[in-house]
Amino acid sequence: NRCNEWYHLDCARLAEVLRDLIDKFYCSICRHDSPNLQTTFKSRCRRGLEHLDPSSREACHKPARSDWCGFDNVKQRLHTFAASGGNTDLFWDNVKHAQKPEAVVLSHDPLGSVTLRAQSANKLEPPRAALAEVQRHRSAIARNDALFLRKCLLKLAIDRASQISQCGFDGRLCWDDEFVADRGSAIIEGY
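Heads up, the sequence shown stops at 200 in the working numbering, and the numbers go up one at a time, no gaps.
Pasting the structure below:
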């Protein structure tokens, strides 16, 4: 429905900490008109749920996977990593040079070796083959178009030569294929 009513959290009897977690809010008037409507909430951040006192203001009450919680969570984990003796410089060097995984296990023989193939090869091979096929097709179409234009030009030159009593030479018949392709049907229109 298109309810125009709005409420303060206190007036709707909702705690202030739930503000970011409200997904769809239905007022009492809407629920009275349609009893099947229920206010829904987003999933809460795991850090907030695992807090010593999850209902306190100090616990995180943001939705799960929010940017704020993600960054804050990473900061906390890095602090814990450094406090436990982890080398943060080495960590940042590894992060700086991180790349997508480049191998997929195709088969595995417990007694033999593992066969690996780069993922990038799988992703690029079909598009490259398709692109080459499209380029071949385009070239064939361009050759056919040029041949068609030459045929039309020759027919027009023959017709013109039969109508005049003097020499029927037409210099346009000597143009190369590239020039004919560039000019296209404008050559025929100019006849």
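The beta carbon of each residue, even a glycine, is placed where N, CA and C say it ideally should be.
Report all residues from its chain with a CB closer than 6 Å to the CB of A91; omit the five preceding and five following residues, and keep chain order. What you label residue 91 is simply residue 82 of the sequence shown in a count that begins at 1. Excluding sequence neighbours, A91 sits near T97.
Does the contact criterion of 3 or more C-beta pairs under 8 Å hold for the region 55-63 versus the region 36-45? no
Which of helix, strand or coil DSSP assigns to K160: Counting from one through the sequence shown, the residue named residue 160 turns up at place 151. Helix at K160.
Nearest to T48 (by Cα), restricted to the options A166, A21, A73, G57: Mapped onto the sequence shown, residue 48 falls at position 39. When only C-alpha atoms are compared, the closest one is A21.
Rounded to whole angstroms, what's the CA-CA distance from F50 to K109? Just pull it up for me. The residue you call residue 50 lines up with position 41 of the sequence shown. The residue you call residue 109 lines up with position 100 of the sequence shown. Those two C-alpha atoms are separated by around 35 Å.
C-beta contact flag for C54 and K33 at 8 Å: In the sequence shown, the residue the question calls residue 54 occupies position 45. In the sequence shown, the residue the question calls residue 33 occupies position 24. No, these two residues do not count as a Cβ contact at 8 Å.
How many angstroms separate the CA atom of D81 from the CA atom of G57? On the sequence shown, position 72 is the one that residue 81 refers to. On the sequence shown, position 48 is the one that residue 57 refers to. So the two alpha carbons sit approximately 12 Å from each other.
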